[in-house]
Amino acid sequence: MYSTETINRPAVYNRLLQKAEEINFSMPSDLHIGSLLKTLIASKPGGRFLELGTGIGLSLSWMIEGMDETSELITLDNDPKLTAIAEEFFGKDERVEIVCTNGSGWILDYNGKTFDLIFADAWPGKYSEFEEILKHLKKGGFYVIDDMTKQLNWPEGHEQKAAALEQFIENHPKLVVTKLDWSTGVMICVKR
Numbered sequence: 003m004y005s006t007e008t009i010n011r012p013a014v015y016n017r018l019l020q021k022a023e024e025i026n027f028s029m030p031s032d033l034h035i036g037s038l039l040k041t042l043i044a045s046k047p048g049g050r051f052l053e054l055g056t057g058i059g060l061s062l063s064w065m066i067e068g069m070d071e072t073s074e075l076i077t078l079d080n081d082p083k084l085t086a087i088a089e090e091f092f093g094k095d096e097r098v099e100i101v102c103t104n105g106s107g108w109i110l111d112y113n114g115k116t117f118d119l120i121f122a123d124a125w126p127g128k129y130s131e132f133e134e135i136l137k138h139l140k141k142g143g144f145y146v147i148d149d150m151t152k153q154l155n156w157p158e159g160h161e162q163k164a165a166a167l168e169q170f171i172e173n174h175p176k177l178v179v180t181k182l183d184w185s186t187g188v189m190i191c192v193k194r
């Protein structure tokens, strides 16, 4: 059996966890999804990546670990306190753009280059603006979501929304999908 104790964490990971405790941030990412994101991103040298839902930057730390020197990453969150913390930790990395904005509006307004991987860890781009976010994904690019198995912090009725999303994605004609009953419930999709 594999142990999370042996997972090689990003250098800033423990400091981010400490910061999460300080501000009572209750939605930290799972070590397994972080490790997976790092690996998927490493498969796309010189890639462009998008994270929807920066949070405190835990997943972001893993994504950056997978990037090479020519990769670029945009991460979005609508909470200025969280993006300020992310700026503290990652703001000097010229490959990373941290944006405090409404995700739905950003998705609808974005007209830049497409992405090699999109990690949707927020409502926009996952439960809303789904077709729009797929337009921003390259053919052959990864679309990754987690938190698809029931979580303790889910509000009433969210389990049905997650099940409907899973069914929708599984039957989407533009996606090849693998579901993993692992970590917090992961779907890895590739755009056709």
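Heads up: take any position in the sequence shown, counting from 1, add 2, and you land on the working numbering.
Every residue, glycine too, gets a C-beta built ideally from N, C-alpha and C.
As the structure is a computational prediction, the values presented were derived from the model and not from experiment.
Cβ atoms of Phe-121 and Leu-18 stay farther apart than 8 Å, at about 16 Å. Just so you know, the alpha carbons of Val-178 and Lys-83 end up roughly 36 Å apart. Residue burial is scored here from C-beta neighbours: Trp-184 has fewer than 16 other C-beta atoms within 10 angstroms and is therefore classed as exposed. Our two residues, Asp-70 and Asp-95, have alpha carbons roughly 12 Å apart in a direct line. With respect to the C-alpha of Leu-154, the residue from Lys-176, Trp-125 and Thr-186 having the closest C-alpha is Thr-186.
Every beta strand (DSSP E) of 3 residues or more that sits fully in the region 13-100 is shown, in chain order, as 50-54 and 74-79. A residue is called buried once 16 or more other Cβ atoms fall within 10 Å of its Cβ, and Asp-111, having fewer, is exposed. Put simply, of Glu-67, Glu-74 and Ala-86 the residue whose alpha carbon is nearest the alpha carbon of Ile-25 is Ala-86. Per DSSP, Lys-163 is one residue of the alpha helix (DSSP H) stretching across 160-172.
Between the region 139-152 and the region 99-113 there are fewer than three C-beta pairs closer than 8 Å, too few to call the two in contact. Relative to the Cα of Gly-49, the nearest Cα in the group Glu-158, Gly-142 and Gly-159 belongs to Gly-142.
With a cut-off of 8 Å on Cβ pairs, the region 29-44 is in contact with the region 59-78, counting three or more such pairs. DSSP, read as helix, strand or coil, puts Leu-119 in strand. Taking the C-beta atoms as reference points, Thr-77 is found nearer than 9 Å to Glu-99.
In the displayed model, Ser-130 falls within a strand according to three-state DSSP. When the Cα atoms are used, Gly-57 and Tyr-15 turn out to be separated by approximately 13 Å. Going by DSSP, Ile-147 is part of no alpha helix (DSSP H) but of the beta strand (DSSP E) stretching over 139-147. In the DSSP assignment, Leu-110 falls within the alpha helix (DSSP H) that extends over 105-111.
Counting the other Cβ atoms within 10 Å of the Cβ of Phe-117 gives 16 or more, which makes it buried.
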